[in-house]
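Presented below is the structure to which this report refers.
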Ligand code: OXD
Ligand code: MN
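In this note's numbering, the protein residues as written are 9 to 601.
Next comes the structure, spelled out in structure tokens:
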């Protein structure tokens, strides 16, 4: 299938070590994929769902000890610990290779090794990067077929180029004690062993498109970010694009597929999804930033997805989708908590054990997933395949903060925006843990995904700013402010569009704002509340006074936050943090004094 010597010799080296019984190259043809589906069904690895209800859909259960990303076992193996930084696990490359090669030796005996060429980004796009994943899992091949572009066309686009990303995945024994997700950025290499869970084994996603790509981006002058990309279409047909970074479990997929409030829909506003998780961003010839989504599908969390919370995501899963660790119904359909109020009776839970929905236990794993093709999404942007990407007007950061962060504020300029991203955080809410205000700093939502020292990453952001002649504006949002009774103050979901429109108005210089200690905050009357019908609690309707209260900047809360920011910065070698960010920190402290 290829004459690429670098590919051929690496595949030989790896398979000589792992010793599979068979080696199968994946050409991406429907016949080959169909044969693999049939084989995986015959061994029970996947189950064909009811093809009338869910055409082209399959079901899979992972091992019960293998249901999520394992941050504690994820390593960045740069030559020195300093290059990986204080927020990554590190081991010296030689030591790690030694450990891994022992685990990999002979681990595919009796199995088949699939050689899977894949592209992150549309094949042939200037953004695209190519990888080969070796895996002993048909489930991985079938998921990668949805999440990326695979097969012969990728090998053809690679030609003789030796600069592909090498990924070696083996399920081995699914042994938790020997589970490793390891990145060698200097070697363009990813090794994953003893897991079968998506985030650990679909190597194109977090491992390549974020950890390795963030490292490549720094060297090559572009950015790989944990961001959704969406387009807002105005009634006159103009479309403006926004990227947004939120930590996991803050509603990225919901925001990416937002349905505008009815009154805006009637006026002709629309939202288009370009991506829900990852953005690769470059400076275009016109000096603006352009973003592509390097993925080709959605690996979304199922629980909570329903016809109200995210009808577009739900619609995306109605065909050609793989469901993992949800509940399979008697009819061969699927169910999860939050889909509807009618859990199936007399079926098994995600573990395959008999399950009684009335005993209070969960049927689906809280991190159960759907792997759905992007083309299924009713609001997929027509620019999804655009090899140049879409021009970015605004970059939005956000987290889950019960207090402190206002609904929205705008950074004063690029460097201040980088500071705002660097102090991003999510707080546990009273509802979740009983303790309000436990803060986890997650800069740019990249804490688990940055492939090098986060201090150098911030420097890269600062340096990129200098290369962008038409800089996007940078904002921070917080949909999750609570009142003293622990009730959400802001309706969220589709109504977040109202905030996005203010953001775009600011980008277009159409509205004023109030300068505060932390940046620019909207004048309440500039956020359109028409048709908004939300009751916070009892008879307290959301109105302009409620809006004012979530736009306030409480100095005392911010002073507390300042201490936590300083403690977080204190983890780094002070020289690694860009002077520009130290200056911003000093400015914040002065403003709050
Ligand atoms: C994801 C995550 O799965 O961020 O996208 O954890
Ligand atoms: Mn993510």
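The beta-carbon is built from N, C-alpha and C at its ideal position, and this holds for glycine as well.
Remark: C-beta atoms of residue 476 and residue 291 approach each other more closely than 8 Å. By the Cβ neighbour-count rule, residue 310 is buried, with 16 or more other Cβ atoms within 10 Å of its own. Rounded to whole angstroms, the separation of the alpha carbons of residue 574 and residue 565 is 14 Å. In this structure, residue 64 keeps its C-beta atom at 8 Å or more from the C-beta atom of residue 155. Taking the Cβ atoms as the reference, residue 521 lies roughly 6 Å from residue 418, within the contact range of under 8 Å.
Here the alpha carbon of residue 106 sits roughly 23 Å from the alpha carbon of residue 119.
If one requires a minimum length of 4 residues, the alpha helix (DSSP H) runs lying completely within the region 85-140 are 89-92, 101-112, in chain order. Taking the C-beta atoms as reference points, residue 180 is found nearer than 8 Å to residue 201.
Inter-residue distance for residue 282 and residue 259 is about 16 Å (C-alpha atoms, whole angstroms). Annotation: residue 65 is outside any beta strand (DSSP E) and is labelled neither H nor E by DSSP. In the three-state reduction of the DSSP assignment, residue 378 falls in the strand class. Taking C-alpha positions only, residue 190 is separated from residue 286 by approximately 20 Å. Sixteen is the threshold: when 16 or more other Cβ atoms of the shown chains lie within 10 Å of the Cβ of residue 68, as they do, the residue is buried. In this structure, DSSP gives residue 406 an extended state, which the three-state scheme calls strand.
DSSP places residue 426 inside the alpha helix (DSSP H), whose first and last residues are 422-430. Excluding the 5 residues flanking it on each side, residue 104 has same chain C-beta neighbours closer than 7 Å at 83, 85, 190, in chain order. Of all alpha-carbon atoms in 481, 351, 339, 530, the one lying nearest the alpha-carbon of residue 414 is that of 530. For residue 557, the shortest C-beta to heavy atom distance toward the ligand OXD is 7 Å or greater. Annotation note: the region 303-370 contains the following uninterrupted beta strand (DSSP E) runs of length 3 or greater, listed N- to C-terminal: 305-309, 330-332. The three-state reading of DSSP puts residue 552 in helix, counting H, G and I together. The region 159-179 and the region 227-239 do not touch, with fewer than three beta-carbon pairs separated by less than 8 Å. Beta-bridge annotation (DSSP): residue 22 is not paired with any residue. About 6 Å separates the Cβ atoms of residue 505 and residue 266, confirming a contact at the 8 Å cut-off. No Cβ-Cβ contact shorter than 8 Å links residue 171 with residue 215. Taking the Cβ atoms as the reference, residue 278 lies roughly 4 Å from residue 241, within the contact range of under 8 Å.
Residue 318 and residue 261 do touch by the CB rule: their CB atoms are close to 7 Å apart, below 8 Å.
Proximity of the region 318-334 to the region 427-437 falls short of the contact definition, fewer than three beta-carbon pairs being nearer than 8 Å.
Distance from the CA of residue 308 to the CA of residue 255, rounded to the nearest whole angstrom, comes to 14 Å. Listed in chain order, the non-local C-beta contacts of residue 447 below 7 Å within the same chain comprise 433, 435, 572, local neighbours out to five positions each way being set aside.
Between the ligand MN and residue 591, a heavy atom-to-CB distance of less than 7 Å is absent. Within the same chain, and ignoring the five residues on either side of residue 122 in sequence, the residues whose Cβ sits closer than 6 Å to its Cβ are 32, 34, 143, 149. With respect to the 8 Å criterion, residue 129 and residue 381 are not classified as neighbours on the basis of their beta carbons.
Under DSSP, residue 399 forms a beta bridge with 298. Fully enclosed alpha helix (DSSP H) runs of no fewer than 4 residues occupy 260-264, 270-275 of the region 251-288, in order along the chain. Excluding residues up to 5 positions away in sequence, 173, 191, 193, 196, 198, 459 lie with their Cβ nearer than 8 Å to the Cβ of residue 220 in the same chain.
Secondary-structure assignment with DSSP links residue 199 through a beta bridge to 176, 190.
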